[in-house]
Each structure stands twice: as structure tokens, then as C-alpha cells.
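Per the UniProt record's numbering, the sequence shown starts with residue 1, numbered consecutively. We put the CB at the ideal spot given by N, CA and C, even for glycine.
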Amino acid sequence: MSDPSASAASSSTASTSRYQPSREEVAEQWLFTEEDLEYTPTVLAGILKPAEERKARRRGVGLIYKVAERSQLHSHVLHTAALFFHRFFFRRIMRPPGFPSLYSGQRTYVYQDIAIAALYLASKVEEGYRKLDDIVSIACQVEPGRVGSGLEEGESEEAVLKNGVLAGEEILLAALCFDLIVEHPQKQLIVAARKLGVEIELLRCAYANMHDAFRDPICTFFEAPVLAAGVFALACEDAEVDPTTYMAASDDMSNVVGLTWLETFDVSEEEVEGEPAKGREETCCTNH
């Protein structure tokens, strides 16, 4: 995993001059719920059950993480790729290996192609560009015999995957409505932790929670500040630390008490309590 501080600095630089959508705009377009997982295109097509699709999503993000690590990409790049990947399969049908590319008149997509396409796209969006040939080569090393849409006589696995990724990138862009600006919860976590004076070990625990959250569709359930605050609260729970003991200085000179940890993350208690914890239970249940 990349150093949290380095990743935050890099994501901040990449996003400096770009339009940042409001929380309301993001919520309207890209926030989903646990119930939505019961009605994804894949589930409605009868190809996978919700639990099966969730496991396949985690395998897809696992592939993203493995390739990103070998490509020496910062964690905010792979988190963006994971978010693209999850958003895509709320709009399109995932198919298991060997399943037809057309099913009841609808296109279906193998998660490997979309995972690598999402990583390639994220590397460009987040200014961490890697050559497609390099990413494809690493992907074939990470999952030999499993990557790509199938081989025909005389074709190499790398050539098949490369073609799948190039086609997948165009389809991915269309499914995402070319909405590629991502608010980074890891940046918000690190900024808030610095203001609160959080110990480095506790921050690392929270960051690990964040890293695992992006493996699962739970990362699409919450706005970035809520996800950042949620993983911090879970880290405090694991460490048996009361988060209310952390206070940050206020820019308001009349506020001599300072800001609570919730105010520092710019979230309410209602937003953080309950749902992130339940989400982690779901994540743990689908971890294997």
C-alpha cells in the first residue's frame, strides 16, 4: 500500500485545477445502497446472485490492486479505478468466464477486462499514467490463464486482453457518462487526521479500512467525507479509542473550544453511526 501522506499530496495536485462536483451532485448520480445490489443488471439478468456478484467484484478489485502495486501506482489511483469498476457494474452486466458476450440481446462483460480498463483510465485521469502494454503484461503475470475474453488459435493472451481493455475503456467511459472527477476520501482522512493530531498507527489502521472498503461496493454507499469519517471511527473502535477525545483548532477565533472530530470531517453523527459499521460486516462476510 502506498504511503498515505504521499498519496494525499499526489491526489491533491491532480485535482487542483479541475471542477469538483458538489456532494448533492455526486449523491444524485453515483451513490447506491445495499438494496441496489439486489437489482443490478447482472442480478436482474439472472446471471449471478447478489452474493456471487459481490464476490466477483472483490476479485476484480483485487486484480486492480495487484496490478497497481506492481505498476507502482499511488493508492488514490487504484481507489479511483475501483470506484469506476463498481459504478460500471451498477450500469452494465457482468458475465462469468465462458458465458456468452450476448445474453437475451444484452451485452455482457468479463470483470477482468473492465478491471484493467478502469485502472488504465484511472492512471490517466489521476495523472499517474502507465503504458497500456505494461499494465496488460503485468495483469497477465498476475492472473495467467484467467485474464482476457478467450483465446483463439494464434492469439496471445496479452493481445486478447489489450483489445478487451481498449474496447472496455470506451464502454466504461460511456457507462460513466464521462464523469471522471472523483472526490478522494483518503485525502480527507489524512487532512482531518493531521488537524486532530491522530497517531500514525491509528491513521494507518483507518487507511487500511479505507483500502479494504474499496474492494467492496460499500465504497459507493457513502459520500467521501462520510466514508473517511466512518473508517476513522472503525479504527478507533478496533483500537478501543474514543474518537471524541480528538479535537482540532478552529479558524473561528470565537471558538476557543475547537472542533470535534465530526466537525473536522464535516459530517454528522447520524451519517457516521450505524451504516459504515454494518457495511464493514458485509465486507468481512464477502472477503473470502
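Since residue i and residue j are thought to touch, with beta carbons under 8 angstroms apart, how far apart are those beta carbons, to the nearest angstrom?
i      : j      : result
Ala175 : Phe265 : So it is not a contact: roughly 31 angstroms between Cβ atoms.
Ala45  : Gln141 : With a Cβ gap of about 32 angstroms, Ala45 and Gln141 do not count as contacting.
Leu121 : Leu78  : Not really, about 12 angstroms apart at Cβ, beyond 8 angstroms.
Leu37  : Arg54  : 7 angstroms
For residue i, count neighbouring Cβ atoms within 10 angstroms of its own Cβ and tell me buried if that reaches 16, exposed if not.
i      : result
Leu60  : Leu is not the amino acid found at residue 60; the sequence shown has Gly there. When all chains shown are included, Gly60 counts as buried.
Ile47  : buried
Glu126 : buried
Tyr129 : exposed
Glu269 : exposed
Asp251 : exposed
Leu102 : exposed
Gly148 : In this prediction, Gly148 scores a pLDDT of 47, lower than 50, which makes its location untrustworthy; no coordinate-derived value is stated.
Pro100 : exposed
Gln29  : exposed
Ile200 : exposed
Glu143 : buried
Glu237 : exposed
Look at the Cβ atom of residue i, then the Cβ atom of residue j, and state whether they are nearer than 8 angstroms.
i      : j      : result
Val231 : Ala206 : yes
Leu259 : Ala248 : yes
Arg57  : Phe88  : no
Ala117 : Ile64  : no
Trp261 : Leu196 : yes
Leu227 : Ala208 : no
Ala224 : Gln188 : yes
Every unbroken beta strand (DSSP E) within the UniProt domain "Cyclin N-terminal" (49 to 180), with a cutoff of 3 residues, ordered by chain: 93 to 95 and 106 to 110
For the 8 angstroms Cβ check, are there 3 or more pairs between the segment 154 to 172 and the segment 124 to 142? yes
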